[in-house]
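Note that the protein sequences, when read in sequence, are chains A and B. Offset between the first sequence (1-based) and my numbering: plus 823. Offset between the second sequence (1-based) and my numbering: plus 823. A virtual CB, placed ideally from N, CA and C, is assigned to each residue, including glycine. Below: one structure, written as structure tokens.
Number of protein chains: 2
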Amino acid sequence: MTMTACKNCPLRQKSMFMPFTDEELRFMQSFKTGELKVDPGTTILMEGSNSPQLYTVLSGMGTRYKTLENGRRQVINFLFPGDFTGLQAGIMGEMKHSVEATTQMTLCAFRRDDLWTLFRQHPARAYDLTWIAAVEEHFLGETIASLGQRDAIQRIAWALVRIHERLKAAGLQKANRVPLPFRQQDLADALGLSLVHTNKTLKTLRSKGLAHWNDGVLELCDPPAMADLAMIDLERPQKRPLM
Amino acid sequence: MTMTACKNCPLRQKSMFMPFTDEELRFMQSFKTGELKVDPGTTILMEGSNSPQLYTVLSGMGTRYKTLENGRRQVINFLFPGDFTGLQAGIMGEMKHSVEATTQMTLCAFRRDDLWTLFRQHPARAYDLTWIAAVEEHFLGETIASLGQRDAIQRIAWALVRIHERLKAAGLQKANRVPLPFRQQDLADALGLSLVHTNKTLKTLRSKGLAHWNDGVLELCDPPAMADLAMIDLERPQKRPLM
DNA sequence: AAATCCTTTTGATCTATGTCACAGTTTAAT
DNA sequence: ATTAAACTGTGACATAGATCAAAAGGATTT
């Protein structure tokens, strides 16, 4: 198994990502120190640990989550191809959450110690990194609004629409269908709902002909109705940088 | 009224902030383009707007919030002295939430257009900016965990402990007491609770002798018990950069 | 001083969602 | 093939917290 060269990165041409200049491509290639391939269930980054690596997801999916003292788990976000993770440890010195692979995953690895070099030598990429952090902050803010102000069916509709958008933008869509290989428990833990109620609410969405999520495949049958239910102003997909 | 010179900034020597070099101080002074003083209730940044300004809170307090289609409001975070805001608009081109002054506030204003100059000319400050974004991301993640996994009394305890920590670090503490000039409705909107239940839960905390929040002053009577109730591993206050 | 407005407080109900218990289903392990 | 383990699906019941209604306290205006 050989490592994917940045030049041949399957992600960089997707519509959602801003294009690279040749120079940036070379720089990223030098920044990339390796590739990590992990099996489902593998913990990639651990809460409290001080990882020397930062990662961009090349393929596969995972979860970022926190575990509370009482044993409950909060999934903070799902990890999809193109997502960048590990910045917290890279900058603050310690991961504040864990990252786990749900499927097999391939990740581009960068050295934490090179981060400072990046800021000094390539301000445009540093700016992009901050951009990515700002996008994530926006998403987390929206998640907070969902957990705080939406009821169960709205929350699930919101999550499915957002997930669908993300995966679509990452080029994984076929006719309103995207792969979504998580368990219902993962979604429940992401939305602060019980597994039972999540299951029943998914059933409601199914019976209303709005969304089907079975066998690891999510189909949004009526995206506008879903967006409406979720009280989402469907933002036209904005391009963002890829690390 | 004259503008506060960065050299005389009352915040920069607080224990929570990393010290400035003389050179950085000069740079920030040149980066600062003005000072904004607003009355309580003023909207400083508006969701959807494209503000040309970024701000650091010099004094006073405010809220960052989103309004949903159904009229409900989610307070995403409170704004305290030392907080930096507007990065989203600065980088993504549009605010994804609004910012409102709760008390009278004074803010240092920076020009959005200078942001790119900052990245090119002062990588250390750019790094700090990303650091601030990472800290915020961490906090929002913890908020998500609170809304998703803690019950009402734990949520309120969590919020009061975190708020107390922040204000203490900002040097506003006197004997376990900090100023907290928000309404119960603001806290309710931040935690996804109804006003009524927030009120009753605060009463419970009071009657247990754990925390008193009256007349705009928050007193944590038994911080360890509160932290315990909130399932918080009280992180020793980490220094973070100040913009 | 009266009136108005805003916030806090309290009690009485209602309901969305959690918890429990168990039955199918599928996949993996022996 | 059989058992075990993991996930999904469903009904019965319990409850934390929402909603409704209204009072009481302060502050501000007339």
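Distances from the CA of Asp937 of chain B to each of B:His1035, B:Tyr888, B:Gln876 and B:Gly1039 were compared; the closest alpha carbon is that of B:Gln876. Assignment of Pro946 of chain A by DSSP, reduced to helix, strand and coil, places it in the helix class. Counted as a single uninterrupted DSSP element, the stretch harbouring Leu1057 of chain B is not any alpha helix (DSSP H), since DSSP gives it neither H nor E. Every beta strand (DSSP E) stretch that sits fully inside the segment 886-937 of chain B and reaches 3 residues is listed by chain position as 896-902, 921-924 and 928-934.
Rounded to whole angstroms, the gap between the alpha carbons of Leu1028 of chain A and Trp1036 of chain A is 9 Å.
Between Ala932 of chain B and Thr856 of chain B, the beta carbon gap of about 6 Å places them in contact (Cβ cut-off 8 Å). The beta carbon of Met851 of chain A sits closer than 6 Å to those of Cys829, all from its chain and outside the five residues before and after it, given in chain order. The distance from the Cβ of Pro1002 of chain B to that of Ala924 of chain B is about 15 Å, inconsistent with a contact at the 8 Å cut-off. Under the DSSP assignment, Lys860 of chain A falls in the beta strand (DSSP E) whose first and last residues are Lys855 to Val861. Within chain A, no residue has its CB atom less than 7 Å from the CB of Gln927 of chain B, the nearest being about 25 Å off. In this structure, the beta-carbon distance from Met839 of chain B to Ala992 of chain B falls below 7 Å. In the structure shown, Lys997 of chain A falls within a strand segment according to DSSP collapsed to helix, strand and coil. DSSP lists no bridge partner for Gln1007 of chain A.
By the criterion of a C-beta distance shorter than 8 Å, Leu1018 of chain A is surrounded in its chain by Gln1007, Gln1008 and Ala1011, once the five residues flanking it on both sides are discounted.
A direct Cα-Cα distance of roughly 41 Å separates Gln836 of chain A from Glu846 of chain B. DSSP places Arg1063 of chain B within a strand segment (E or B) once states are collapsed to three.
Taking C-beta atoms under 8 Å as the contact rule, Gly916 of chain A and Asn873 of chain A qualify, at a distance of about 6 Å. Counting the other Cβ atoms within 10 Å of the Cβ of Pro1064 of chain A gives 16 or more, which makes it buried. Around the C-beta of Ser853 of chain A, fewer than 16 other C-beta atoms lie within 10 Å, and the residue is accordingly described as exposed. Residue pairing by DSSP places Asn873 of chain B opposite no residue, since no beta bridge is assigned to it. The residue among B:Ala975, B:Val861 and B:Trp954 with its C-alpha nearest the C-alpha of Val922 of chain B is B:Val861.
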